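>
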Amino acid sequence: MADESEATASNLTPADDTAAPPRETETLNDPAARPEEPLEDEEMPLADHIEEMVKRLAVVIVVAGTITAIALPFSEQVINFLWYNIIPFDQLGEQARPRLYHPLALVLTKLKVGSLAGIVVALPVFVYQTYLFMRPGLYPHERRYYLAAVPTSLILAVVGVSFAFFLVLPAVFTYFISYTEGAAQLAFGLTKTFNLILMLMGYLAVVFQIPLFIMLAIMMGLTTRQWLADRRLLFWGAFLGISFLFTPDPTGMAPILVTLTMITLFEGTLALLKWTGN
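In numbering that gives the first Met the number 0, the protein residues as written are 0 to 277.
Shown next as structure tokens:
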């Protein structure tokens with residue numbers, strides 16, 4: 000009976016130790032089994048973080064300033080091109096010509112034109128510098144998303160400026176002309192009129208980054224499509240408030256158009272994410 004018991008016990012004992020599951024220590028020591036981690040994540044003093052952030056912003060400012068300086072010699076041609084392609088000279092005749100109401104009007108307008116070029120070029124530089132600032136704490140897949148965002152940011156900025164030039168600004172000035180027709184004689188001052196043109200073009204260059212920011216935030220796990228969709232009315236209200244704050248148009252036409260553009264970009268991005276299953 001004893002021999003039979005021993006034989007039964009020996010049959011229940013695993014013959015090969017490799018069949019046993021790996022121990023916890025073995026799993027932790029295996030790099031392939033560990034979850035993906037930031038490669039260079041390390042603690043830094045707050046002062047070092049602030050110093051690095053200031054340096055990154057300084058790079059963006061230097062790039063914007065350099066592009067502004069390069070664009071200045073061509074700014075007068077840009078002013079004439081924008082002015083007579085947005086304000087209908089054929090319809091208004093001499094009324095469409097810009098009026099100068101102070102001696103520095105033309106000089107300041109040239110600086111603003113150069114600044115717009117600097118902002119458009121500096122946008123992808125800003126995205127790249129934020130990537131470098133956050134790089135040590137990013138997972139490898141997050142780094143890929145951020146790097147892909149750099150050229151995308153420039154493309155979206157150009158699309159935003161083009162959208163303002165071809166659609167928004169002609170609609171705004173057509174409204175201005177019809178609004179005052181028969182009630183007053185039009186006189187477009189160079190400073191205020193060009194402020195509106197440049198503000199709308201620069202603002203829409205930033206507005207068209209909305210899809211990129213949403214995609215990045217979701218891909219990096221900072222938010223979800225459903226969270227944004229559940230709070231869409233809050234975002235719509237914020238878009239309206241920001242548009243009226245940063246768009247210098249007393250009639251309210253330009254802020255409304257910009258708000259509708261922001262809502263369309265926001266909702267279009269959410270719809271695309273839902274359609275792709277993200």
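A virtual CB, placed ideally from N, CA and C, is assigned to each residue, including glycine.
Only a predicted model underlies this, so the values are computations on that prediction, with no experimental measurement involved.
Spatial neighbours of tyrosine 100 within its chain, please: C-beta separation below 6 angstroms, excluding the five flanking residues on both sides.
If you number the sequence shown from 1, residue 100 lands on position 101. Taken in chain order, the residues that qualify are Gly188.
> Since I believe valine 119 is in contact with alanine 156 (beta carbons under 8 angstroms), could you give me their beta-carbon distance rounded to a whole number of angstroms?
What you label residue 156 is simply residue 157 of the sequence shown in a count that begins at 1. What you label residue 119 is simply residue 120 of the sequence shown in a count that begins at 1. The Cβ separation is near 5 angstroms, so the contact holds.
> Pull up the CB-CB distance for valine 128 and arginine 55, whole angstroms please, since I reckon it's below 8 angstroms.
Numbered from its first residue, the sequence shown carries residue 128 at position 129. Numbered from its first residue, the sequence shown carries residue 55 at position 56. The amino acid at residue 128 is misidentified as valine; the sequence shows glutamine. About 4 angstroms; that satisfies the 8 angstroms criterion.
> Run the CB neighbour count on lysine 191, radius 10 Å, all protein chains shown included, and call it buried at 16 or more, exposed below.
Here the question's residue 191 lines up with position 192 in the sequence shown. Classification for lysine 191: exposed.
> Could you name the residues of the same chain whose beta carbon sits closer than 7 angstroms to that of glutamate 3, not counting the 5 residues immediately before and after it, in chain order?
To locate residue 3, count along the sequence shown from 1; it is residue 4. Annotation note: pLDDT 49 at glutamate 3 (below 50); position unreliable, no value reported.
> Tell me, to the nearest whole angstrom, how far the beta carbon of methionine 282 is from that of tyrosine 130; I am working on the premise that it is less than 8 angstroms.
Residue 282 lies beyond the range of the chain shown here (0 to 277); nothing can be said about it.
> As a quick exercise: from Pro169, Val124, Phe172, pick the residue whose alpha carbon is nearest that of proline 150.
For the purposes of this step, residue 150 is taken as the residue at position 151 of the sequence shown. Checking every option, the nearest Cα to that of proline 150 belongs to Val124.
> Label lysine 273 either buried or exposed according to how many other C-beta atoms from any shown protein chain fall within 10 Å of its C-beta, with 16 as the threshold for buried.
Numbered from its first residue, the sequence shown carries residue 273 at position 274. Exposed is the call here.
> Would you say valine 167 and leucine 199 are within 7 angstroms of each other, going by their C-beta atoms?
Looking up residue 167 in the sequence shown gives position 168. Looking up residue 199 in the sequence shown gives position 200. A contact, by the Cβ cut-off of 7 angstroms.
> Determine the burial state of glutamate 93: buried for a count of at least 16 other Cβ atoms within 10 Å of its Cβ, exposed for fewer.
Translated into the one-based positions of the sequence shown, residue 93 becomes position 94. Exposed, by the Cβ-count rule.
> Kindly identify the DSSP beta-bridge partner or partners of arginine 224.
Start at 1 with the first residue of the sequence shown, and residue 224 comes out as number 225. Answer is none; arginine 224 lacks a bridge partner.
> Excluding the 5 residues flanking threonine 223 on each side, which residues of the same chain have their C-beta closer than 8 angstroms to its C-beta?
Within the sequence shown, the letter at position 224 stands for residue 223. Ile217.
> Whole angstroms is fine: what's the gap from leucine 264's alpha carbon to alanine 104's?
Here residue 264 is taken as the residue at index 265 of the sequence shown, counted from 1. Here residue 104 is taken as the residue at index 105 of the sequence shown, counted from 1. Roughly 35 angstroms separates the two Cα atoms.
> Could you check the C-alpha separation between alanine 228 and proline 97 for me, to the nearest Å?
The sequence position of residue 228 within the sequence shown is 229, counting from 1. The sequence position of residue 97 within the sequence shown is 98, counting from 1. If you take the alpha carbons of alanine 228 and proline 97, they lie about 45 angstroms apart.
> Roughly how many angstroms lie between the CA atoms of threonine 250 and alanine 204, to the nearest whole one?
The sequence position of residue 250 within the sequence shown is 251, counting from 1. The sequence position of residue 204 within the sequence shown is 205, counting from 1. Distance between the alpha carbons of threonine 250 and alanine 204 is about 22 angstroms.
> Answer with buried or exposed for aspartate 279, where buried requires no fewer than 16 other C-beta atoms within 10 angstroms of its C-beta.
Only positions 0 to 277 of the chain appear in the structure, and residue 279 is not among them; the question remains open.
> Beta-carbon separation of isoleucine 86 and phenylalanine 172 under 7 angstroms?
Along the sequence shown, read from residue 1 onward, the residue named residue 86 stands at position 87. Along the sequence shown, read from residue 1 onward, the residue named residue 172 stands at position 173. In contact: isoleucine 86 and phenylalanine 172 (Cβ atoms closer than 7 angstroms).
> Please name the residue in Thr268, Phe238, Leu244 whose C-alpha comes closest to that of arginine 259.
In the sequence shown, counting from the first residue as 1, residue 259 sits at position 260. Checking the displayed sequence, the identity of residue 259 turns out to be leucine instead of arginine. Among Thr268, Phe238, Leu244, the Cα nearest to that of leucine 259 belongs to Phe238.
> Is glycine 64 helix, strand or coil when you go by DSSP?
For the purposes of this step, residue 64 is taken as the residue at position 65 of the sequence shown. Reduced to three states, the DSSP call for glycine 64 is helix.
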